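4 is the number of the first residue of the sequence shown in our numbering; add one for each residue after it.
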Amino acid sequence: MKRFILLIFLSCSFFTLLAQNDIDEALAYQYYQQADYEKAAVLLEKLFNKTKNDGYFELYFNALIKIKKYSEAESLLKGLIKQYPQKGQYAVALGRVYQENGRTAEANKIFQEAIANTPKDENKFRDLANSFYRFEAYDMAAATFLQGRKLLGDDQLFLYELLSIYRFKKDKLALIQEYVNALALTPQLQLQAQNVLASVFESNADYQLLQTALLKKIQKDPQAEVYTEMLIWQYIQQQEYEMALRQLIAQDKRTKGDGSLLYNTANTFVANKAYTTAIKVYEYLLAKGTESDFYLPAKIELVNAKYQLAISGKFEKPAIQALANEYEAILAQYGKTQQSLYALQRLAYLQAYYLNDLKKAEATLEEGLKIQRIQPTDMAQLKMDLGDIYILTKQPWEAILVYEQVAKQFENQPMGNEAKYRSAKLFFYVGDFQYAKSQADVLKASTSQLIANDALNLSLLISDNLQSKNDSLALKMYADADMLQFMNRSSEALVKLDSIDVAFPNNSLTDDILMAKAKIYIKTNDLEKAVSMLKELIDAHHDSIWIDDALFTLADLYDKKLNKPDEAKKLYQQLMNDYPGSMFNAEARKRFRNIRGDNVGT
4 MKRFILLIFL SCSFFTLLAQ NDIDEALAYQ YYQQADYEKA AVLLEKLFNK
54 TKNDGYFELY FNALIKIKKY SEAESLLKGL IKQYPQKGQY AVALGRVYQE
104 NGRTAEANKI FQEAIANTPK DENKFRDLAN SFYRFEAYDM AAATFLQGRK
154 LLGDDQLFLY ELLSIYRFKK DKLALIQEYV NALALTPQLQ LQAQNVLASV
204 FESNADYQLL QTALLKKIQK DPQAEVYTEM LIWQYIQQQE YEMALRQLIA
254 QDKRTKGDGS LLYNTANTFV ANKAYTTAIK VYEYLLAKGT ESDFYLPAKI
304 ELVNAKYQLA ISGKFEKPAI QALANEYEAI LAQYGKTQQS LYALQRLAYL
354 QAYYLNDLKK AEATLEEGLK IQRIQPTDMA QLKMDLGDIY ILTKQPWEAI
404 LVYEQVAKQF ENQPMGNEAK YRSAKLFFYV GDFQYAKSQA DVLKASTSQL
454 IANDALNLSL LISDNLQSKN DSLALKMYAD ADMLQFMNRS SEALVKLDSI
504 DVAFPNNSLT DDILMAKAKI YIKTNDLEKA VSMLKELIDA HHDSIWIDDA
554 LFTLADLYDK KLNKPDEAKK LYQQLMNDYP GSMFNAEARK RFRNIRGDNV
604 GT
């Protein structure tokens, strides 16, 4: 009976002890989270002494450091090191105590001894490095991995751990060396390397470091194509497209490649608007002959790159005519079909807006409408393009008719709303401002954010500039200039815009004129003047309907054209902070984070 009572007593004591431990643990965590480290330390000391649990130790140790009880921490750790010499984490913790207490030399000595005394065991090195990492001694964690790599004779050991540390520390040179050394044996790291390096590099000087490292590797190991591919990538990042092309062609000749890398990189050049370089790539691929798998795709993309170059304002009229001839040749060779429709549409665009042959453009589009089994959306696009030509040929009612056909067929869909917006702009061009505004007001609720934003701007443009007869007359001149720009008569549009202030001094269109001129200068590639217009608008017209457009457009120029990422980042941030409701906000945030190096996948 006495034994039974004793057993009950011991059992009750055990469960009481567990319950007490649970209470102490909950209170300790609560105090720790509330930064009441004095109270937390008392309870954590009690829990650690009872259990010797390393989880309690780390919290207890950190609490002692927080309240600067260095002597107490030192005594604790010296006892633990004596009791458990195999546990390297206690030596690391003691080194940190010395570091926190200003005893740097002693700390480094302990750290170095811990690394040097680690046995030839991969897991032991990993455990020690993790201890350094937990105590934020990142340099020592890296040194541990490097020592382990040396002792175990494996240059690829701890690769991902070291990459993680170097990336966290933004140690660019070490990161470059680690990736460059690893790529020959682990080429699948190439995409990760590009993403990570782009996230930490801040200037072309950083890319120069990478370039130097890659060139050294290429000299030693010219057969490792991954280094040449990385070199091409870094040239593209620096917008040195011709240098990238030179490397591409050299590599293709050296490896007798199938042209796939060239073709894919040419598409990257096009995406970066390096059309001239892309054209050289496509011409190189065509020179390989018709037996190449990329012959036909390159032939098509060559004409498309020339088209993009043409509409970017860099081609003279004879070159435009030659391009139109190439589209006509494609249509003659392959016929007018769904597959060649893109060539027909681009031919009509060149005829109308660059060759001033409106009759031919109209006839070309009407031929397109006769193509059998054409997709409804393609048919609608042809009709809208034809409507635009009708505006140019002064057939406004014909234009309205085709716009309304598309709007009715695609009611409450993006294409239908686009047709309605083009109709509203037509009424704006002809000076029927009230009707144009009424149509724009309907479109402000469009599910297409771009159309809704354009419609809102049109509505506000009209309502803000009909307050007086002087403003109304000025708005008519502005509409005429807008019409000239629609007709691709940029120089005449600029003259008309400059004339508004002369004819109607003190009108209310100053900010609208600045934005219109900036758009023209961007289209004609006069970026210096575009930047000037946008800066003036941003500095002097904070309440303009165009302010968020101007901020985003200027940031885009700095980001994509002028290679000034820091300036772009400031403008993206200003847009996000000052105009949170702007439709450009999401894209601005994405680009801001990209420049800063956030959210880059690895």
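Yeah, the Cβ is synthetic: ideal placement off N, Cα and C, and Gly gets one too. Remember, it's a predicted structure, so these values are computed and weren't measured experimentally.
What's the C-alpha gap between Y73 and E139? If you take the alpha carbons of Y73 and E139, they lie about 17 Å apart.
In the DSSP assignment, find the alpha helix (DSSP H) that holds R137 and state where it starts and stops. Unbroken alpha helix (DSSP H) run through R137: 125-137.
Taking only the alpha-carbon atoms, compute the straight-line gap between G604 and N198 and give it to the nearest angstrom. Low confidence applies to G604: its pLDDT is 39, below 50, so where it sits in the model is not reliable enough to give any reading.
Which residue's Cα is closest to the Cα of D142: G156, L80, F114? Here the closest residue by C-alpha is F114.
In chain order, which continuous runs of the alpha helix (DSSP H) of length 4 or greater are located wholly inside the region 332-376? You should have 344-356, 361-371.
Cβ distance (whole Å) where L248 is taken to contact V284 below 8 Å: Right, the Cβ-Cβ distance comes to about 6 Å (below 8 Å), so this counts as a contact.
Could you give the uninterrupted runs of the alpha helix (DSSP H) lying entirely in the region 418-475, keeping only those of 4 residues or more? Runs found: 436-446, 452-467.
So, for L188: in the same chain, excluding its five sequence neighbours on each side, which residues have a beta-carbon less than 8 Å away from its beta-carbon? Same-chain partners within the cutoff: Q159.
N- and C-terminal bounds of the alpha helix (DSSP H) containing T513: Here the alpha helix (DSSP H) through T513 covers 513-526.
If we count the other Cβ atoms within 10 Å of its Cβ and call it buried at 16 or more, is K520 buried or exposed? Buried, because 16 or more other Cβ atoms sit within 10 Å of the Cβ of K520.
Enumerate in chain order the residues of its own chain whose CB-to-CB distance from A96 is below 7 Å, with the five nearest sequence positions on each side excluded. Leaving aside the five residues that flank A96 on each side, the residues in its chain whose CB is nearer than 7 Å to its CB run, in chain order, F64, L80, F138.
Cα-Cα separation between A571 and D501, rounded to whole angstroms: Near 29 Å, if we compare the C-alpha coordinates of D501 and A571.
Alpha-carbon spacing of A455 relative to Q214, whole angstroms: C-alpha separation (whole angstroms): 46 Å.
Please list, in chain order, all residues of the same chain as A76 whose beta carbon is under 6 Å from its beta carbon, the five residues on each side excluded. Counting only Cβ-Cβ distances below 6 Å, and skipping sequence neighbours, we find L67, V100.
Can you give the beta carbon distance from V405 to G419, rounded, assuming they're within the 8 Å contact cut? Not confirmed; about 13 Å, so no contact.
Going by DSSP in three states, Y406 sits in which element: helix, strand or coil? The three-state reading of DSSP puts Y406 in helix, counting H, G and I together.
Quick check: A558 and L540, are their CB atoms within less than 8 Å of each other? Contact: no.
According to DSSP, simplified to helix, strand and coil, what is G98? Secondary structure at G98: helix, using DSSP grouped into helix, strand and coil.
Residues near F297 by beta carbon distance below 6 Å, same chain, minus five either side: If you ignore the 5 residues before and after F297, its C-beta comes within less than 6 Å of the C-beta of G262, Y266, L288, all in its own chain and listed in chain order.
Buried/exposed call for V534, threshold 16 Cβ in 10 Å: When all chains shown are included, V534 counts as buried.
From which residue to which residue does the alpha helix (DSSP H) around E539 run? Per DSSP, the continuous alpha helix (DSSP H) segment holding E539 begins and ends at 530-543.
Cut-off 7 Å between Cβ atoms - residues of its own chain near L537, not counting five sequence neighbours on either side: Within the same chain, A521, A553, T556, L557 come within 7 Å of L537 by CB-CB distance, once the 5 residues on both sides are set aside.
Sequence-distant residues of its chain with Cβ nearer than 8 Å to N56 (five each side left out): Cβ neighbours of N56 beyond the five flanking positions: L50.
Starting from the N-terminal side, write out each stretch of the alpha helix (DSSP H) that is 4 residues or longer and does not extend beyond the region 273-316. Within the region 273-316, the complete alpha helix (DSSP H) runs of at least 4 residues are 278-289, 298-312.
Own chain partners of Y393 with C-beta closer than 6 Å, once the 5 adjacent residues on each side are dropped: Answer for Y393: E401, A402, listed in chain order.
Do the region 296-312 and the region 334-343 touch if we need at least three Cβ pairs shorter than 8 Å? Contact between the region 296-312 and the region 334-343 is absent: fewer than 3 CB-CB pairs across the two stretches fall below 8 Å.
Residues in the same chain with beta-carbon distance under 8 Å from A119, minus the five sequence neighbours each way, listed in chain order, please. Cβ within range, chain order: Q150.
Look up I503 in the DSSP assignment and say whether it is helix, strand or coil. Annotated three-state conformation of I503 is helix, per DSSP.
F7 to T54, Cα distance in whole Å? At F7, the pLDDT of 40 sits below 50, so the modelled position is not reliable; the number obtained from the coordinates is stated separately. Counting only the Cα atoms, T54 lies some 28 Å from F7.
May I have the straight-line CA-CA distance separating Q226 from S547, to the nearest angstrom? Those two C-alpha atoms are separated by around 58 Å.
L213 in three-state terms, based on DSSP: Three-state result, L213: helix.
Less than 8 Å between C-beta atoms, sequence neighbours within five positions excluded: which residues of the same chain meet that for L251? So the qualifying residues of the chain are I235, L264, L265, T268, V284.
Contact check, A201 vs Q240, beta carbons under 8 Å: Yes.
At 3 residues or longer, what runs of the beta strand (DSSP E) sit wholly inside the region 147-220? Those beta strand (DSSP E) runs which fall completely within the region 147-220 and span 3+ residues do not exist here.
May I have the straight-line CA-CA distance separating S471 from N275, to the nearest angstrom? Spanning the two alpha carbons is a distance of roughly 45 Å.
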